[in-house]
Amino acid sequence: MDIAIRELVGTLPHQTKCLQSLSLEFRAGKGKKTVELVDTTGLIDEIHDDPLTRKAMAQTLSAIRGAQIIIHVIDAHLFGRADGLADPREGDLDMQLAAFAGPRGGYCIVANKMDLPGAKRGLARIRRLFTGYKVFPVSAATREGLKEVRRHVLRNL
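The following block contains the structure:
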């Protein structure tokens, strides 16, 4: 676990350079269900300089097409920047993903990094931009909000 955290978690974008998956089996009623969790690299509007990151983004798009449940993670801290200099296109790609995945069901948005300054402002902005979609405020660092996301996943299996 320490190696995974060191390699896949960080403050810089695109730490994940390929799909990372984990299968979980759990009881569901009288039977069992298996869920495959897949962590993907983030998407951007531009063509990334790094070929490995470009390949990882292509893998992300492929995984999204076949996913039953999509947990769309948005950095609430970045969306809540106080400098007022946000790129006007910021959120466009996120809106396109929501428009593609939302109608299929099982889609939700996780407003992550709620433990950081400005995240509450970012959460408000995310909720304004993504009306009609489930938005869960979460801090992966403190684990706050993860139970609600888990309930969403279980309801949509």
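Take 1362 as the starting number for the sequence shown in this note's numbering and just add one per residue.
Note that the Cβ used here is the ideal one computed from N, Cα and C, for glycine as well.
Because the structure is a prediction, the values reported are computed rather than measured.
Exercise. Label Ser1432 either buried or exposed according to how many other C-beta atoms from any shown protein chain fall within 10 Å of its C-beta, with 16 as the threshold for buried.
Key: Taking the sequence shown and counting its residues from 1, one reaches residue 1432 at position 71. In the sequence as presented, Ser is not what sits at residue 1432; that position holds Ile. Around the Cβ of Ile1432, a 10 Å sphere holds 16 or more other Cβ atoms; the residue is buried.
Quiz prompt | Cβ pair Phe1497, Glu1509 closer than 8 Å | solution = Working through the sequence shown from its first residue, we reach residue 1497 at position 136. Working through the sequence shown from its first residue, we reach residue 1509 at position 148. One thing to note: Phe1497 has its Cβ within 8 Å of the Cβ of Glu1509.
Quiz prompt | CB contact flag (Asn1473, Val1434, <8 Å) | solution = Residue 1473 sits at position 112 when you count from the first residue of the sequence shown. Residue 1434 sits at position 73 when you count from the first residue of the sequence shown. In contact: Asn1473 and Val1434 (Cβ atoms closer than 8 Å).
Quiz item: Quick one: what's got a C-beta closer than 8 Å to Pro1449's C-beta in the same chain, skipping five residues either side?
Solution: Along the sequence shown, read from residue 1 onward, the residue named residue 1449 stands at position 88. Low local confidence applies: a pLDDT of 46 at Pro1449 is under 50, so the model's placement there is unreliable, with the coordinate-based value given in what follows. If we look at Pro1449 and ignore the five residues flanking it on each side, it has no Cβ neighbours.
Quiz item: Mind checking Phe1387: buried by the 16 CB within 10 Å criterion, or exposed?
Solution: Residue mapping note: residue 1387 aligns to position 26 of the sequence shown, counting from 1. Exposed is the call here.
Quiz prompt | Nonlocal neighbours in the same chain, by C-beta distance under 8 Å from Gln1420, ignoring five residues either side | solution = Taking the first residue of the sequence shown as position 1, residue 1420 is located at position 59. The beta carbon of Gln1420 lies closer than 8 Å to those of Cys1379, Leu1380, Thr1401, Thr1402 in the same chain, with the five residues before and after it left out.
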